[in-house]
Amino acid sequence: MARIAPLDAPFTADVAAQLATMMPTGVPPIALFRTYAKNLPMTVAMSQWGRYELGRHLSLTLREREIVILRTCARCRCEYEWGVHLMVFAHRAGLTRPEIASLTDGVPDDACWTTGRERALIQVVDALHDSSDIDDSLWQSAREVLDEPQVLDLLLLCGWYHAICFAARAARVDLEPGAPRFTDVRA
0 MARIAPLDAP FTADVAAQLA TMMPTGVPPI ALFRTYAKNL PMTVAMSQWG
50 RYELGRHLSL TLREREIVIL RTCARCRCEY EWGVHLMVFA HRAGLTRPEI
100 ASLTDGVPDD ACWTTGRERA LIQVVDALHD SSDIDDSLWQ SAREVLDEPQ
150 VLDLLLLCGW YHAICFAARA ARVDLEPGAP RFTDVRA
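Heads up: the sequence shown at position 86 corresponds to 85 in numbering that gives the first Met the number 0, and the numbers run straight through without jumps.
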């Protein structure tokens, strides 16, 4: 049960306007965004960064972005955000069932990861999650496949989704209807 009940329609004009900027046209706002909207100034401030992280200016590809997000969410055990991203982006990112299972419970050396670049993304996410740092050896191997803007985007994308996972988990945001569950990829 949600610790912070999300706002329900009808929304005030300012809340409706903000939520409209956060969702595709005609798609109702997800529970997480309706929860954030309880603090509208915060929601407005974070929306700009969220648009960057999910937008065309990010130096990582859509597939790479989703690998980082899904791994981060899985490591944080945030079924809510993991499920939303799986439902909305996994197909567009071309992620296979074995890759999704590996991102959820596997390791970077799983056979489904055939490129050093994708393996490096997962290794960096794991290192940041485990120690809030990257050792020199991993840094060097990541830099062999990622340029400086890509590394910076990777670091901040992982950190951004840690913050989102913290909020979604601690607020106990109810799972979105129809969103995958962790058990779906383990079955």
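For glycine and all other residues, C-beta sits at the position ideal for the given N, C-alpha and C.
The beta carbons of Leu39 and Glu65 sit about 28 Å from each other, so the pair does not count as a contact at 8 Å. When rounded, the separation of the alpha-carbon atoms in Lys37 and Asp129 is 31 Å. Spatial neighbours of Phe88 in its own chain (CB-CB distance under 6 Å, excluding positions within 5 residues in sequence) are listed in chain order as Glu65. When the Cα atoms are used, Asp108 and Val124 turn out to be separated by approximately 14 Å. Contact check for Leu174 against Tyr79 passes: the beta carbons are separated by less than 7 Å. Between the region 53-67 and the region 13-30 there are fewer than three C-beta pairs closer than 8 Å, too few to call the two in contact. Measuring C-alpha to C-alpha distances from Thr42 to each of Gly105, Ala15, Pro148, Ala178 identifies Ala15 as the nearest. Apart from sequence neighbours up to five positions away, the residues of its chain that approach Cys77 with a beta-carbon distance below 6 Å are Cys164, Ala167, Arg168, ordered along the chain. For Gly115, the closest alpha carbon among the candidates Pro176, Leu31, Ser140 is that of Ser140.
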